[in-house]
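See below for the structure under consideration.
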Ligand SMILES: Cc1cc2nc3c(=O)[nH]c(=O)nc-3n(C[C@H](O)[C@H](O)[C@H](O)COP(=O)(O)OP(=O)(O)OC[C@H]3O[C@@H](n4cnc5c(N)ncnc54)[C@H](O)[C@@H]3O)c2cc1C
């Protein structure tokens with residue numbers, strides 16, 4: 002069929018891409034080894050936030066680095082084996098922790114974050130799952146009075162990009178969240194922030210809509226992708242052929258691209274979550290970042306979800322949820338939690354490129370192959386907008402924004 006295309010990977014980015022291609026008249030086949038949103042897009046904190054454009058490897062990282070090197074903080078932990086194996090990635094990641102790169106990446110990511118909520122709303126309207134969204138802002142709370150410096154670097158970028166921030170006294174924090182234990186001294190509310198109550202179900206429902214609208218969803222593992230006679234051959238549990246291919250395989254994207262002759266400097270930042278029952282009638286109204294303690298607490302359908310910081314370890318190495326274990330007592334200090342639910346501890350791997358910007362581009366050496374991955378900490382929110390931009394590019398339309406900051410040649414090289 003002339004307008005047919007295959008999308009490999011059905012997380013937030015792949016499903017967003019499939020829906021936007023479908024909207025443009027493409028006959029889309031969406032492939033995943035599991036059900037849609039079973040991996041990284043399943044277990045995140047569910048935040049859709051206009052202000053998440055400042056990269057983690059910003060130039061202030063150097064101040065915290067000596068602390069992180071102790072390898073016992075809830076914010077960052079690392080495995081030495083991983084550091085040695087992924088040294089080229091780590092070196093580039095640290096090289097980008099300078100002011101120039103921070104400003105460039107912030108400007109680029111701002112373009113994704115600013116439109117993220119509108120793009121989700123549009124998909125929610127299409128899928129009929131608007132009930133999953135609440136728009137009560139994102140609350141950052143501090144246990145000491147050294148809270149958010151609205152005149153500092155983040156504050157000045159927030160002003161530059163028109164991000165709504167309200168500084169809060171302790172009393173104002175408790176007015177917003179009366180169930181919190183009285184341990185916080187100050188806070189601020191990011192008013193342009195929303196959250197969803199079940200990120201995995203949200204994306205699954207988008208995928209169901211894609212199928213209801215005539216898309217094909219295949220659950221099959223693809224071991225290798227090659228290109229021959231103008232066809233992509235996807236081999237695994239079954240052999241499939243595609244004339245056009247989009248790679249949206251999140252943290253597996255480098256593996257998928259390898260047999261096509263590409264080497265990609267893609268790293269992972271692992272993270273964990275666990276669900277808890279609230280005590281009695283305690284209610285958390287919005288997602289909360291306990292900044293000093295280093296975790297996020299999000300009200301979800303399954304309970305209160307506690308998510309952990311960054312673990313630099315091999316993507317598939319066994320779970321070592323030390324950071325989660327470290328922050329759970331701190332979460333009990335903050336909120337009346339009853340105990341964990343029966344859900345197991347979840348682990349995921351944020352796909353991260355060294356400049357903390359995703360790739361949204363055509364493949365350098367294949368006319369009919371495109372790619373979108375590397376959405377690090379913001380892939381749940383920016384999946385739909387990424388999908389729209391990529392669908393515009395593939396369909397030969399003018400893209401809503403200039404995609405130069407997201408070009409593949411930054412980190413995708415041809416293997417010699
Ligand atoms: C603890 C934590 C908290 C987070 N909080 C937030 C947040 O609040 N807001 C936010 O926006 N982001 C958040 N993120 C980041 C976000 O979850 C990721 O950026 C996003 O899910 C990445 O989406 P993706 O579609 O690229 O990858 P994935 O969701 O991992 O999807 C990739 C898909 O490709 C499939 N696949 C891979 N290889 C193959 C193959 N060979 N054959 C078939 N299928 C294949 C996989 O099965 C998978 O479904 C968080 C992440 C973590 C870990």
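Numbering (the working numbering), first residue to last: 2 to 417.
For every residue, glycine included, the Cβ atom is placed at its ideal position computed from N, Cα and C.
With 16 other Cβ atoms within 10 Å as the buried cut-off, status of residue i
{"i": "residue 362", "result": "buried"}
{"i": "residue 81", "result": "exposed"}
{"i": "residue 308", "result": "buried"}
{"i": "residue 89", "result": "exposed"}
{"i": "residue 347", "result": "buried"}
{"i": "residue 225", "result": "exposed"}
{"i": "residue 213", "result": "exposed"}
{"i": "residue 41", "result": "buried"}
{"i": "residue 67", "result": "exposed"}
Neighbourhood of residue i by C-beta, 7 Å cutoff - its chain only, sequence neighbours within 5 removed
{"i": "residue 145", "result": "186, 293"}
{"i": "residue 238", "result": "221, 222"}
{"i": "residue 130", "result": "203, 206"}
{"i": "residue 98", "result": "58, 59, 60, 62, 63"}
{"i": "residue 155", "result": "55"}
Selected residue, minimal CA-CA separation from residue i, among the options
{"i": "residue 53", "options": "129, 191, 78, 11", "result": "191"}
{"i": "residue 406", "options": "240, 349, 109, 34", "result": "109"}
{"i": "residue 282", "options": "198, 228, 178", "result": "178"}
{"i": "residue 96", "options": "410, 357, 380", "result": "357"}
{"i": "residue 200", "options": "13, 347, 415", "result": "13"}
{"i": "residue 85", "options": "315, 67, 379", "result": "315"}
{"i": "residue 382", "options": "137, 26, 72, 49", "result": "49"}
{"i": "residue 250", "options": "302, 299, 359, 330", "result": "359"}
{"i": "residue 335", "options": "298, 155, 30, 366", "result": "298"}
{"i": "residue 10", "options": "289, 32, 98", "result": "32"}
{"i": "residue 19", "options": "69, 409, 414, 395", "result": "395"}
{"i": "residue 236", "options": "402, 230, 257, 324", "result": "257"}
{"i": "residue 47", "options": "167, 197, 23", "result": "197"}
{"i": "residue 24", "options": "402, 410, 379, 393", "result": "393"}
Sequence-distant residues of its chain with Cβ nearer than 6 Å to residue i (five each side left out)
{"i": "residue 280", "result": "337, 339"}
{"i": "residue 390", "result": "361, 400"}
{"i": "residue 320", "result": "348"}
{"i": "residue 117", "result": "49, 382, 383, 386"}
{"i": "residue 34", "result": "222"}
{"i": "residue 45", "result": "200, 381"}
{"i": "residue 418", "result": "Outside the shown range of the chain (2 to 417) lies residue 418, about which nothing can therefore be said."}
{"i": "residue 94", "result": "58, 355"}
{"i": "residue 300", "result": "285"}
Beta strand (DSSP E) segment containing residue i, residue limits
{"i": "residue 279", "result": "268–279"}
{"i": "residue 259", "result": "Counting along the chain, residue 259 falls outside any beta strand (DSSP E), and DSSP gives it neither H nor E."}
{"i": "residue 407", "result": "No beta strand (DSSP E) contains residue 407, which DSSP labels as neither H nor E."}
{"i": "residue 418", "result": "Here the chain comprises residues numbered 2 to 417, so residue 418 is not present and cannot be evaluated."}
{"i": "residue 195", "result": "194–197"}
{"i": "residue 291", "result": "289–291"}
{"i": "residue 369", "result": "Premise fails: residue 369 is in no beta strand (DSSP E) and is neither H nor E."}
{"i": "residue 305", "result": "304–308"}
{"i": "residue 222", "result": "Where residue 222 is concerned, there is no enclosing beta strand (DSSP E), given that its DSSP letter is neither H nor E."}
{"i": "residue 189", "result": "187–191"}
{"i": "residue 243", "result": "240–243"}
{"i": "residue 184", "result": "Careful: residue 184 lies outside any beta strand (DSSP E) and carries neither H nor E."}
8 Å Cβ shell around residue i - same chain, five flanking residues per side excluded
{"i": "residue 267", "result": "90, 252, 254, 255, 352, 353, 354, 374, 375, 412"}
{"i": "residue 101", "result": "none"}
{"i": "residue 408", "result": "360, 362"}
Where the alpha helix (DSSP H) containing residue i begins and where it ends
{"i": "residue 212", "result": "200–213"}
{"i": "residue 419", "result": "Coverage of the chain is limited to positions 2 through 417, which leaves residue 419 absent and any answer about it impossible."}
{"i": "residue 168", "result": "Element bounds for residue 168: not the alpha helix (DSSP H) but the beta strand (DSSP E), 166–170."}
{"i": "residue 300", "result": "Element bounds for residue 300: not the alpha helix (DSSP H) but the beta strand (DSSP E), 296–301."}
{"i": "residue 379", "result": "No alpha helix (DSSP H) holds residue 379; DSSP gives it neither H nor E."}
Neighbour flag for residue i against chain C, beta carbons, 8 Å
{"i": "residue 409", "result": "Looking at the structure shown, chain C is missing, and only one protein chain is on hand."}
Problem - Minimum length 3: unbroken beta strand (DSSP E) runs contained in the stretch 315–365 - result: 338–341, 347–353, 360–363
Problem - Complete beta strand (DSSP E) runs within the stretch 10–74 (minimum length 3 residues, chain order) - result: 28–33, 48–50
Exercise for the section: Entirely within the stretch 60–144 and at least 3 residues each: give me those beta strand (DSSP E) ranges in chain order. Expected result: 77–79, 139–143
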